[in-house]
Structures are given as structure tokens and as C-alpha cells.
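First the structure, in the form of C-alpha cells, and then the observations on it.
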Amino acid sequence: MKNSHAIKRTAKRQIPLLKPWLVDLEELIPDMEKVWASGKLSLGLYTEKLEASARKTLRVKEAIAVSSCTSGIILVLKALEIKKKVIVPDYTFPATSHAVLWAGAKVKFCDIDMDDFTISPEALAEINDPEVEAVIPVNIFGLPPKISELEKICAKRGWKLIFDSAQGLGAEYKGKRCGGFGIAEVFSLSPSKVITSAEGGIITTNDSGLALKLRQLRDYGKGPDKADMLGVGLSARMSELCAVLGCHNFKHLDKLRLEREKLVKRYREKLSGIKGLAFQEFGPERKSGYNYFVFRVTAEAGKTRDHLLEELIQAGIECKRYFYPPLHLLTAYKGLSNGGFKNAELLSRETIAVPLYSGMKTQEQDQVIREIGIIINGK
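Using the numbering used here, the first residue of the sequence shown is number 1238, and each one after it goes up by one.
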């Protein structure tokens, strides 16, 4: 019976986990032609326009377009001359910790809170390591961490505070757009994000001196004369072609965030009656950017997360374990930690990401909701 049920399910239309939202191609062509005619394929007019859009939309003094969020974090750490330990949450995408190591610093993991899936201020406050220089909290699935609590801890310890806001475009904290918190925030414009430039990232800061240094470092470290090197930088420029796409997509951020908010609210409403499912808690002070819809499959469900994942895939619904495994259990980080991150380990065993994208049709979402109910409730 189980096999025949799976055969029926695979015949259904496939629903992807995500789908990049793109403006009409015809809208891009005139600007693409201007790039072609100019012969300037990086650090040109459209990079400047994208940075201007980011400054206005995120309400910050400075925005620096780069090749990726990961390269942006590396550049921030290099610009701040961070050489010792950097604390990152154990439950996040590995790009955060990878960037720390590429910048020449050391990684120290911190546990997360089960309510909102973000770095735990309590666990952070318990870290007593004289080699720590900075903390990189992460926006998780669109939700900013508990920023005020983190600011107090970092100020008391003298730690630099940098935010990995890869998934955070459009998010807010206490009525303020994310972008101006900490020394700097770094956003992603990769295809999996609410807004994409195909590939790329944006660093935001209110420190103009830091912004100047970051602009130098993204172009190898070149000084004003383009001959002398004022620092050891990277080739981390965004291409003008990516910047064109970013410019056209960026102006739709608020509309796309609102659309995804409605989809997430509908998911939570329809799935709330299914036993054993638990959702990320937002609270009144924080607004998510709704990059992903991820929930927990707890023991009360009577089914495991992996069982749900396998059955959804059989039903033609793309989904994934996210984030899995926690960073300290990755092969790349073997030996860096003795563990002790019980919340990150549990959450990593329980969380699943299901389809969420701009333009998602009601019938597609209904199919996801219906299949989850069938799998968990058996009907």
C-alpha cells in the first residue's frame, strides 16, 4: 500500500522549495545594452545605483555592493583587523563560519534559543574567553536576533558586533529597518533570497571611514591612484550585469516581503492544528523578511522530521533539512569544539524547510499543507 501511495504522489506536479523572483527580461534589456556599450563591467553606474537604492531602502549612510555575502563578511573582518576568535551561532548556514576562517580568524560556536532559532544571549553571556574579539549573530530565515540584548553583552565585553543578515532583507527590529545595526550588516542577493541580483551581496554601515576601507578591499585593496595597495583585499566586486538585475529587483522589496508574509501567516494558520509542529516565534518587536518557511517536527508529532521530508519528496514537494547538521558536527569543523550545543543539535534534527517563494499559487500552498496533514495525521 505504501509503495502504491508513493507512485500516485510522484505523478503530482512538482512544487519547488524556492524560485527566484525576476522582473521581465524586456525591462532589463535597455540597461544591459548600456552596460555593453560602456564596456565597463564592474564598479560602474549600476553598482552605484544599486548602492543608492540600498541606502535609501535600508535607511543607512553607506552601502557597498560586493560579489557575495560571504565575501562581504570576510571584508568586514579584514577591515576591522579581527585576528583572534569570532563567535557565531552553531545553527546557521556554514558560510558564516567559513568567512571567519577565510578572514584569518578563529571560530567559536554559541548555542541558540529554541523559541526563535537565533543565537542565545544567555549562552553568549556565559562565554568567558579572552581571545574573543567579535560576534556575528545571524538573521535566521528572515528573523533578526534579539539585538538589544546582544548589544548590551558586546558593549560590556568590548566585542565588535557584526550582523550576518544574508536572509534579512526587509526585516525590522523595534520599528527600524535592519541594515544599520552593529558596526556593519551584510546581506545576500543570491538566487535563494527575497531579492536577487543573480549573485552578490551588500554591506551596510553608518561608519563612512569603514565604508571607504571596504570599497578599497573589495578591489584588491587599491588606493585612490589604483596603483598602490593600501590593504590586502580581494576581487570581490559585483559585476555590472548583476547590478542591473539587482537595481530592477530591489525596488520591489516591500511588495515581495508583504506577499511572503501573507503566505507564511497562511501556512502557520493552516498547520497550527497539526499535532507536534512548532513554529519560529517572532514576538512584537521583530518583523521577519520571510526568506524561508521552516518549522519543527517535534516528538509529539509521532513522526520524525526525516520521515516527513521523505514523504513530501515522494509527493512531489521539494523540501530540505535546514539547517543540518549544526556547524560543530560538520566534517570541516571536526575538532574545533567539544559540543555542548543541545538546542542547536535538537533543532537541527527537527527543522524542515518547505516551499516558499514570491508568486507561489494558493493551490500549490494548499497541496503542501494537505500533504503535511496526511503524513503527520495519517489521513
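C-beta: ideal position from N, C-alpha, C; glycine also.
Return yes when the Cβ of Ser1304 is within less than 7 Å of the Cβ of Phe1487, no when it is not. For Phe1487 and Ser1304, no; Cβs fall outside 7 Å.
Give me, in chain order, the residues of the same chain whose beta-carbon lies closer than 8 Å to that of Lys1579; leave out the 5 immediate sequence neighbours on both sides. Asp1348
Residue range of the alpha helix (DSSP H) that includes Lys1450: 1445–1454
Cα-Cα separation between Ile1606 and Ser1574, rounded to whole angstroms: 38 Å
Which of helix, strand or coil does DSSP assign to Ala1371? It is a strand residue.
Extent of the continuous alpha helix (DSSP H) run through Ala1316: 1306–1316
Skipping 5 residues on each side, what residues in its chain have a beta carbon closer than 6 Å to that of Ile1609? none
Between the alpha carbons of Thr1329 and Thr1307, how many angstroms are there, rounded? 13 Å
Whole-angstrom distance between Ile1301 and Val1423, CA atom to CA atom: 9 Å
Take every Cβ of the region 1263–1270, pair it with every Cβ of the region 1406–1418, and state whether three or more of those distances are shorter than 8 Å. no
What ranges does the beta strand (DSSP E) occupy inside the region 1371–1401, keeping only unbroken runs of at least 3 residues that lie completely in it? Scanning the region 1371–1401 for uninterrupted beta strand (DSSP E) segments of 3 residues or longer gives 1397–1401, listed from N- to C-terminal end.
Quick one: give me the first and last residue of the alpha helix (DSSP H) that Arg1474 is part of. Segment: none, Arg1474 is in no alpha helix (DSSP H) and carries neither H nor E.
Which ranges would you report for the alpha helix (DSSP H) in the region 1500–1562 if only whole runs of at least 4 residues count? 1542–1551
Mind checking whether Val1323 and Ala1336 have CB atoms under 7 Å apart? Their beta carbons are not under 7 Å apart, which means Val1323 does not touch Ala1336 by this criterion.
When the Cα atoms are used, what is the spatial distance from Val1272 to Ala1480? 10 Å
Please name the residue or residues paired with Glu1409 in a DSSP beta bridge. Arg1414, Lys1524
Can you give me the C-alpha to C-alpha distance between Glu1587 and Ala1581, rounded to a whole angstrom? 10 Å
Taking DSSP's pairing of strands, which residues face Pro1267 in a bridge? Paired residue(s): none; Pro1267 is not in a bridge.
Apply the 10 Å Cβ neighbour rule to Gln1600 and answer buried if 16 or more other Cβ atoms are within range, or exposed otherwise. exposed
Let me confirm a value: Val1469 is counted as buried when at least 16 other C-beta atoms fall within 10 Å, else exposed. Which label applies? exposed
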